[in-house]
Amino acid sequence: MEEHPAERGGKHPLMRMFLIGAIASAIGVAAGLAIDWFPTDATSSADEIDTLWDVLIIVSVPIFVLVMTVAIYSVIRFRARPGDKSDGAPIHGNARLEVIWVLVPTLIVASLAAYAWIVLDNVEAKKANELIVDVQGQQFTWTFDYPDPGGGAKPIKAAQQLWLPKDRPVYFRIHTKDVIHSFWVPQFRLKSDAVPGITTRVRVTPDKVGSYQVVCTELCGLGHATMRQTVRVVPPADFQAWARRGGKVGAGGAGAPAAGAAEGPQG
Amino acid sequence: MTIAARLLSPGWYRVLLAIPIGVGVAFAIVCGVRALYGWDPIVDGNAITTVGMISVPMAFLIGIGCFDYWFRWASGAPTVPEDHSGHGATRWQDYFRVNTDHKVIGIQYIVTTFVFFVIGGLLAMIMRAELAAPGEQFVDPNTFNGLFSVHASLMIFLFIIPVFAGIANYVLPLMIGAPDMAFPRLNALSYWMLPMAGILMIASFFAPGGAFATGWTAYAPLSTETPLGQTFFTIAVQFAGASSIATALNFLVTIITMRAPGMTFWRMPLLVWANFTTSLLVVIATPFIAGSQFMVLLDRALGTAFFNSAAGGDVIMYQHVFWFYSHPAVYIMMLPGFGIISEVISTNARKPVFGYRMMAFSLMAIVLLGFTVWAHHMFVSGMFSWLRVPMMLTTMLIAVPTGIKIFSWLATLWRGVIHLTTPMLFALGFITMFTLGGISGVVLAVIPVDIHVSDTYFVVAHIHYVLFGGSVFTIFAGIYHWFPKMTGRMYDETLGRAHFWMSFVFFNLTFGPMHLVGVDGMPRRVADYADEFATLNAIISISSFIFGLSFLIFLYNMIASWRFGPKAAANPWRAHTLEWQVSSPPPIFNFDEVPTVVGGPYEYGVPGAVHGVFKEPAKKPAEAVGAGASE
Numbered sequence: 001m002e003e004h005p006a007e008r009g010g011k012h013p014l015m016r017m018f019l020i021g022a023i024a025s026a027i028g029v030a031a032g033l034a035i036d037w038f039p040t041d042a043t044s045s046a047d048e049i050d051t052l053w054d055v056l057i058i059v060s061v062p063i064f065v066l067v068m069t070v071a072i073y074s075v076i077r078f079r080a081r082p083g084d085k086s087d088g089a090p091i092h093g094n095a096r097l098e099v100i101w102v103l104v105p106t107l108i109v110a111s112l113a114a115y116a117w118i119v120l121d122n123v124e125a126k127k128a129n130e131l132i133v134d135v136q137g138q139q140f141t142w143t144f145d146y147p148d149p150g151g152g153a154k155p156i157k158a159a160q161q162l163w164l165p166k167d168r169p170v171y172f173r174i175h176t177k178d179v180i181h182s183f184w185v186p187q188f189r190l191k192s193d194a195v196p197g198i199t200t201r202v203r204v205t206p207d208k209v210g211s212y213q214v215v216c217t218e219l220c221g222l223g224h225a226t227m228r229q230t231v232r233v234v235p236p237a238d239f240q241a242w243a244r245r246g247g248k249v250g251a252g253g254a255g256a257p258a259a260g261a262a263e264g265p266q267g
Numbered sequence: 268m269t270i271a272a273r274l275l276s277p278g279w280y281r282v283l284l285a286i287p288i289g290v291g292v293a294f295a296i297v298c299g300v301r302a303l304y305g306w307d308p309i310v311d312g313n314a315i316t317t318v319g320m321i322s323v324p325m326a327f328l329i330g331i332g333c334f335d336y337w338f339r340w341a342s343g344a345p346t347v348p349e350d351h352s353g354h355g356a357t358r359w360q361d362y363f364r365v366n367t368d369h370k371v372i373g374i375q376y377i378v379t380t381f382v383f384f385v386i387g388g389l390l391a392m393i394m395r396a397e398l399a400a401p402g403e404q405f406v407d408p409n410t411f412n413g414l415f416s417v418h419a420s421l422m423i424f425l426f427i428i429p430v431f432a433g434i435a436n437y438v439l440p441l442m443i444g445a446p447d448m449a450f451p452r453l454n455a456l457s458y459w460m461l462p463m464a465g466i467l468m469i470a471s472f473f474a475p476g477g478a479f480a481t482g483w484t485a486y487a488p489l490s491t492e493t494p495l496g497q498t499f500f501t502i503a504v505q506f507a508g509a510s511s512i513a514t515a516l517n518f519l520v521t522i523i524t525m526r527a528p529g530m531t532f533w534r535m536p537l538l539v540w541a542n543f544t545t546s547l548l549v550v551i552a553t554p555f556i557a558g559s560q561f562m563v564l565l566d567r568a569l570g571t572a573f574f575n576s577a578a579g580g581d582v583i584m585y586q587h588v589f590w591f592y593s594h595p596a597v598y599i600m601m602l603p604g605f606g607i608i609s610e611v612i613s614t615n616a617r618k619p620v621f622g623y624r625m626m627a628f629s630l631m632a633i634v635l636l637g638f639t640v641w642a643h644h645m646f647v648s649g650m651f652s653w654l655r656v657p658m659m660l661t662t663m664l665i666a667v668p669t670g671i672k673i674f675s676w677l678a679t680l681w682r683g684v685i686h687l688t689t690p691m692l693f694a695l696g697f698i699t700m701f702t703l704g705g706i707s708g709v710v711l712a713v714i715p716v717d718i719h720v721s722d723t724y725f726v727v728a729h730i731h732y733v734l735f736g737g738s739v740f741t742i743f744a745g746i747y748h749w750f751p752k753m754t755g756r757m758y759d760e761t762l763g764r765a766h767f768w769m770s771f772v773f774f775n776l777t778f779g780p781m782h783l784v785g786v787d788g789m790p791r792r793v794a795d796y797a798d799e800f801a802t803l804n805a806i807i808s809i810s811s812f813i814f815g816l817s818f819l820i821f822l823y824n825m826i827a828s829w830r831f832g833p834k835a836a837a838n839p840w841r842a843h844t845l846e847w848q849v850s851s852p853p854p855i856f857n858f859d860e861v862p863t864v865v866g867g868p869y870e871y872g873v874p875g876a877v878h879g880v881f882k883e884p885a886k887k888p889a890e891a892v893g894a895g896a897s898e
């Protein structure tokens, strides 16, 4: 006798699904964490944000695996045999299950939101001894003003490259001369739009020497894709030397550009 | 008919007469005003084109006959309210005129929107060809910016939103036992406004300066400063928006007042619930995008300063107004699909939809919550920073009613009798990809992460997972599911399966890697990118071409089956809802006798349960060979 699909066998179907799901989740989480998602982390904030990302992977993979396990399992186990015109079990609902799948997701998202809020407060916190940099965006280039570069150097106007001393908190004040742009250094993680009529802000503490790029991330017209500028995070002494040169690149060259990146217009 | 008579009665001849009049009106208004004010030059091409974008489509709509009845009524001439002369289709020409039959209008919508889908898809193919390698190969940056702007605008306003309206237009009155929609003439006008919008958007490519190139989001002040092509967008949106609002009003009144006797709200199929809630979203939210584009238009054409910060304007205000619509818009683009999935899964698993009441409540919850999340599109915009965390919270909360739906559909599969028909395959594919897209949405809600991935390809990945893997997969599911009802013929199941698998695999190969390049630093809306992203972009582009080809299978299946497919039975899926209790295709006024609804719409597995009863059994044509159980 053909068994009815809705009663098809296998003891403890839930146990089997749970085991398959657990193994798949473990593999998925391992894969998700192993992938090198981000560019190098060059600020103190980047660590916290990258960790938050890892937590999101750890939470998301099992949820996706749960959905896929139930779906695939059901399709295999309850597949209609050819010519089967019967109906399935007339199950209209299950109050307990429905309460669970409202409460558990609510708890999960509430927890994630709380964690995210804490990270946000941390990465945006004001720090002491901030170096102020006024970022000027315009179609299609970035320039940088340093009202007080420190170390006795005079204020710098319209520097073509963004040089920053390692381990000193920076307070970017972001401006635009025309349309909306967006100031982003992927290695720093944080970004903010540059908005006509107001000043926006980003705070980071670069902690890794290297050469990066400012990438414009708000469509600003024809030259949006090429609106990039070099960022150099350098030891404090090199920064002071650059500042005393007036923010010019000077003899000795610009140093190694970021690997493979398209250079925007240079001064 | 004499030529004179043709020119005076509604139709394409009168359109040919009306359009030059529309052009003349634009000249008259602009040149008249400019002459009166003594402005030089009197003949200003930009101004005339701008006014023409309003007067010429209006002339078309008047010419084709959308307003005839109302003009006659308003002028006091005798009118016959029950005039059905414009109703129904017996030959192909009936699909190219003003028709009051919701079934004809539904098909007009579906075919028209798929034409725009193909055009939008071709624009994407050109984009992916350009992006296959770093550097400039095929199009210059300005053209590229126009490509993605028109691509998105066509897909959103001329495909996803109206195709759902079209499917519902066809199915919904049948599903509730009604002879038509509450306002058939308004329904016709809603349809005809749509090609006006689409043609305007495509015409922008021919404007001096090229197509609008500010994205479908058209942020000011970029959009207030660009050439004439932008104005085509601001006005096209008005026509598409008006079409959408009028249809939503029609659905609301139809659902509220025209349900068959015995069909309480709690006996309505979930497709009806979905369109009801979507229509609420449409009527409340759409005026905001109309307003945002009007403000841009006024800034451009009349020198107002809504978004001119030097003159006291507020740039971020644009984004608030725009996103107040455009976030609910994504639910407008998804909720009808949720309704379709409920129909397809219950029918193909032979089970009631699990948790029917919670499914209805979750739709309502999404509507309410959907109005409280818009600023998650603005986390890096420079808006007041205190708004971000509440918006993160509401955005994450909206995962809960959405999760309810996914879990309920899974529970509907459990202990069912599952038939893997093409609609069911698309429904299952939808569950997979919408879950992924929803997860990336929760990731995007997390502000510190969003700050990093905002305006990168991670967002492009997310939107395509929810809009294609989500919405478009439900559209395919719905088209296959109701194809026999609409055409009276059955589609080819083998081709349907091939379409599903090819699109599923290559969709994931196209949009999956975009998550990686986005997090790794590739911004969106760029005609070129850094060399480090070259390999993944090449893979994405090649996959996208094959993905694009998969659509040809669907197109062939639809056309060949419509012409030559085996005749379909009234109820090939053995479903309970009312549309399946009449012939395929249905009689001209749907029900020779209005049924009485006596039970729920998905009482599979309950012995003797019926949804609707007719006093006399509806005459069924003999079961066609190949129809019925489709394993």
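Residue numbers (our numbering), protein chains in the order written: chain A, 1 to 267; chain B, 268 to 898.
Ideal Cβ placement from N, Cα and C applies to all residues, glycine included.
Here the structure is a predicted model, which is why all the values come from computation and not from measurement.
In summary, residue 507/B is buried, with 16 or more beta-carbon neighbours lying within 10 Å of its beta-carbon over all protein chains present.
Cβ neighbours of residue 418/B within its own chain (closer than 6 Å, five residues either side excluded): 387, 390 and 391. In terms of Cβ geometry, residue 776/B and residue 810/B form a close pair [threshold 9 Å].
Under the three-state reduction of DSSP, residue 333/B is assigned to coil, being neither helix nor strand. DSSP, reduced to helix, strand and coil, places residue 174/A within a strand of the structure shown.
In the assembly as shown, residue 403/B is an exposed residue. Its beta-carbon has fewer than 16 other beta-carbons within 10 Å. Residues are counted here when their Cβ sits less than 9 Å from a Cβ of chain B; for the segment 208 to 233 of chain A these are 213, 215, 216, 217, 218, 219, 220, 221, 222, 223, 224, 225, 226 and 228, given in chain order.
Contact fails between the segment 38 to 46 of chain A and the segment 76 to 96 of chain A, because fewer than three Cβ pairs, one in each stretch, are under 8 Å apart. Of the candidates 146/A, 209/A and 221/A, the residue whose Cα lies closest to the Cα of residue 478/B is 221/A. Under the Cβ criterion (8 Å, minimum of three pairs), the segment 823 to 836 of chain B does not count as touching the segment 579 to 586 of chain B.
A Cβ-Cβ separation of about 6 Å places residue 787/B in contact with residue 39/A under the 8 Å criterion.
DSSP places residue 514/B in the helix class (H, G or I) of the three-state scheme. Sixteen is the threshold: since fewer than 16 other Cβ atoms of the shown chains lie within 10 Å of the Cβ of residue 127/A, the residue is exposed. Of all residues in the segment 177 to 199 of chain A, the ones placed with a Cβ closer than 7 Å to any Cβ belonging to chain B are 179, 180, 182, 186, 189, 190, 191, 192, 193, 195, 196, 197 and 198, in chain order. Of all C-beta pairs linking the segment 594 to 611 of chain B to the segment 564 to 573 of chain B, fewer than three are shorter than 8 Å, placing the two stretches out of contact. Counting C-beta pairs with one atom in each stretch, the segment 178 to 193 of chain A and the segment 640 to 652 of chain B have three or more that are closer than 8 Å, which means they touch.
Per DSSP, the beta bridge partners of residue 183/A are 192/A and 216/A.
Taken atom to atom, the span from the alpha-carbon of residue 356/B to that of residue 718/B is near 54 Å.
Take the alpha-carbon of residue 285/B and the one of residue 360/B: they are about 20 Å apart.
The distance from the Cβ of residue 816/B to that of residue 780/B is about 19 Å, inconsistent with a contact at the 8 Å cut-off. In terms of Cβ geometry, residue 764/B and residue 686/B do not form a close pair [threshold 9 Å]. Within a 10 Å sphere around the beta-carbon of residue 582/B sit 16 or more other beta-carbons, which makes this residue buried.
Around the beta carbon of residue 655/B, 16 or more other beta carbons sit within 10 angstroms, so the residue counts as buried. Residue 162/A sits in a strand when the DSSP states are folded into three classes. Per DSSP, the unbroken alpha helix (DSSP H) holding residue 608/B starts and ends at 602 to 616.
For residue 619/B, the C-beta contacts it makes with chain A under 8 Å involve 90, 91 and 92, in order along the chain.
Taking the beta carbon of residue 542/B as reference, no residue of chain A falls within 9 Å; the closest one sits roughly 23 Å away. At least one CB of chain B lies nearer than 9 Å to the CB of residue 105/A. For residue 105/A, the three-state secondary structure derived from DSSP is helix. Contact annotation: residue 330/B and residue 290/B have beta-carbon atoms that are not nearer than 9 Å. At a cut-off of 9 Å between beta-carbon atoms, residue 239/A makes no contact with chain B.
Counted as a single uninterrupted DSSP element, the stretch harbouring residue 279/B is not any beta strand (DSSP E) but the alpha helix (DSSP H) occupying residues 279 to 304. With 16 or more other Cβ atoms from the protein chains shown falling within 10 Å of its own Cβ, residue 664/B counts as buried. Following the DSSP letters along the chain, one finds residue 142/A inside the beta strand (DSSP E) bounded by residues 141 to 146. For the C-beta of residue 649/B, the chain A residues within less than 7 Å are, from N- to C-terminus, 192, 193, 195, 198 and 200.
The DSSP-derived three-state label of residue 157/A is strand.
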